[in-house]
Amino acid sequence: MIHNEAQCQQTLEQLQHMYRALAELRRDMLPKNPRTFAVLAEGPLDYIRQFVEELEQYRQWLLAEPQIPDAPRQAGWSEPPPIARGGTMERLDGSEVG
């Protein structure tokens, strides 16, 4: 899963590479041998689907996340701590704190 803008940018670049690879296969292989093209295109198409899914998950994560500073993510957390998400803290006995 994508957790920050740098990873998002990297995924977009990888997606561009896969589209270019698919376009080259189409240009070079499809006219000569459509069946071979179909087989060879499976790899790039699988990666394209994967990257698109990861980008969609990241978009959904951004929409669901409240607006908070980037400090938790910059510290390497995949999601903000409960207090930053608007959650409540609980004591060991289960009662809410403050």
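Note that the working numbering has the sequence shown beginning at -12, numbered continuously upward.
C-beta: ideal position from N, C-alpha, C; glycine also.
Closest residue to residue i among the options (Cα-Cα distance)
i: Ala10; options: Ile35, Glu41, Arg46 and Leu(-1); result: Ile35
i: Met5; options: Asp15, Glu29 and Ala51; result: Glu29
i: Gln86; options: Leu50, Leu49, Leu42 and Ala51; result: Here the chain has residues from -12 to 85 only, and residue 86 is not among them.
Helix, strand or coil at residue i according to DSSP, with G and I counted as helix
i: Ile35; result: helix
i: His4; result: helix
i: Leu18; result: What sits at residue 18 in the sequence shown is Pro, not Leu. Coil at Pro18, not helix or strand.
i: Pro68; result: Its pLDDT being 49, under 50, Pro68 is placed unreliably in this model, and the coordinates cannot settle the point.
Cβ separation of residue i and residue j, assumed to be a contact under 8 Å, to the nearest whole Å
i: Gln44; j: Met(-12); result: 6 Å
i: Phe38; j: Gln1; result: 6 Å
i: Leu27; j: Leu12; result: 5 Å
Buried or exposed (CB count within 10 angstroms, at least 16 for buried), residue i
i: Pro31; result: buried
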